[in-house]
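Under UniProt numbering, the residue at position 228 of the sequence shown is numbered 228, and the numbers go up by one with no gaps. Notes to accompany the following structure.
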Amino acid sequence: MRVSDYTLRNLRTFCAVVEHGGYGGAQEIIGAGQTVISTHMRDLETALGFSLCQRGRAGFALTEKGEEVYREAKRMLVSVDDCEANLGALRKILTGHLRVGIVDSEADNPDLPVHEAIHRFFSREHQVRLSLDVGTPELLGKGLRTGDTHVAIGPFPSRQPNISYTPVYVEEHVLYCGRGHPLFSADPDELTLAAIAAYPMTLRPYLQRSELAALPDPVATAMVSNMEAQVVLIRSGSFLGFLPVHFARKWVERGEMRALSLPGLGWRSQFYIACRMQPDLPMVARQFVDDLIHCLS
């Protein structure tokens, strides 16, 4: 099969369908209706000579060959994007697809002004497409490994080979309770580690070790995947939970949360700019890293 512009278009459609669980999920990402997506998929299957997926009552599923095509397509599309970016650098114009990832709830963090770095980056002459994804450190790390993410910003408690980690910011975490919790109105003298540990806690799995370190025999009965969910459970009054101080501030100021501050109970999270070392980053990613470091310094 010859790889033409049409083939690349169809492969991008195919990858979007796979990554968003079917034709319906891919519509918004591609900006096209199901009829167009079906045409792209049919043309790709015709060119390949075999079926890529199955659709029916059981839902969307890749065939065995479809899984192999997806892996090859992702490698090809990442290489095409990076090549486009590097060729643009020769013209002294930022060109290509910049793929950035960041952990959740950092949009209003005054100490991590990623939005300022984005503004600085796009103030230049450019022909750049941007993908900005929010995810857990594990998901961002996976994106770095596969090449789906060029630059990621987060705590990354687990290090991976072939990834560089540049420390840029330290985030302070404190334990909080909601207004309906029994400890909300407790006298500060009544607060002890043992008393706090008796109440159910909500945890983020990727930070579980840090969140439980200071508490004797904690009661961990709820798990969340992000800090927005953490806030919901804390505000319910049924759970205690750790949050970054900058993120919890608005609920504390409204009287909906209270910080439970005891010596040794809070903890600090080191944030990094993480990038894959090999193959080399395209020019657009290197420039964005420079802009990040400038705005965070």
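Glycine included, each C-beta is placed from N, C-alpha and C at the ideal position. These numbers were taken from a predicted model, which means no experiment stands behind them.
Under 6 angstroms Cβ to Cβ from residue i, same chain only, skipping five residues before and after it: list those, please.
i, result
"residue 18", "70"
"residue 159", "none"
"residue 164", "275, 277"
"residue 226", "104"
"residue 5", "none"
"residue 68", "none"
"residue 65", "50"
If I'm right that residue i touches residue j with Cβ under 8 angstroms, what's the distance once you round it to whole angstroms?
i, j, result
"residue 101", "residue 149", "4 angstroms"
"residue 275", "residue 113", "Contact doesn't hold; Cβ gap of about 19 angstroms is too wide."
"residue 272", "residue 168", "6 angstroms"
"residue 284", "residue 128", "6 angstroms"
"residue 288", "residue 117", "7 angstroms"
"residue 242", "residue 175", "5 angstroms"
"residue 77", "residue 11", "6 angstroms"
"residue 119", "residue 93", "So it is not a contact: roughly 18 angstroms between Cβ atoms."
"residue 24", "residue 34", "7 angstroms"
"residue 144", "residue 214", "So it is not a contact: roughly 31 angstroms between Cβ atoms."
By Cβ distance, which residues of its chain are closer than 8 angstroms to residue i, with the 5 residues on each side in sequence left out?
i, result
"residue 198", "219"
"residue 200", "219, 220, 221, 222, 238, 239, 240"
"residue 228", "104, 105"
"residue 44", "7, 10, 11, 13, 14, 52"
"residue 115", "107"
"residue 233", "202, 222, 224, 239, 241"
Start and end of the beta strand (DSSP E) containing residue i?
i, result
"residue 134", "126-134"
"residue 221", "219-223"
"residue 203", "200-203"
"residue 153", "151-154"
"residue 93", "From DSSP, residue 93 is part of no beta strand (DSSP E); its letter is neither H nor E."
"residue 164", "163-178"
Alpha helix (DSSP H) containing residue i: first to last residue?
i, result
"residue 231", "227-235"
"residue 114", "114-122"
"residue 140", "137-146"
"residue 193", "193-197"
Can you name, in chain order, every residue of its own chain whose Cβ lies under 7 angstroms from the Cβ of residue i, other than the five neighbours on each side?
i, result
"residue 188", "none"
"residue 216", "193, 194, 197"
"residue 81", "96, 97"
"residue 99", "131, 148, 149, 150"
"residue 261", "174"
"residue 124", "94"
"residue 162", "276, 277, 278"
"residue 247", "105, 227"
Checklist entry - Residue ranges of each alpha helix (DSSP H) run of no fewer than 4 residues wholly in the stretch 240-283, ordered along the chain? => result As far as the stretch 240-283 is concerned, its whole alpha helix (DSSP H) runs of at least 4 residues are 245-253.
Checklist entry - What residue ranges within the UniProt domain "HTH lysR-type" (6-63) form continuous alpha helix (DSSP H) runs of no fewer than 4 residues, ordered along the chain? => result Whole alpha helix (DSSP H) segments, 4+ residues: 23-30, 34-48.
Checklist entry - Are the stretch 176-192 and the stretch 237-247 touching, with three or more C-beta to C-beta distances below 8 angstroms? => result A contact exists between the stretch 176-192 and the stretch 237-247.
Next on the checklist: Counting beta carbon pairs with one atom in the stretch 245-261 and one in the stretch 128-138, are three or more of them shorter than 8 angstroms?
Outcome noted: Judged by Cβ distances under 8 angstroms, the stretch 128-138 makes no contact with the stretch 245-261, as fewer than three pairs qualify.
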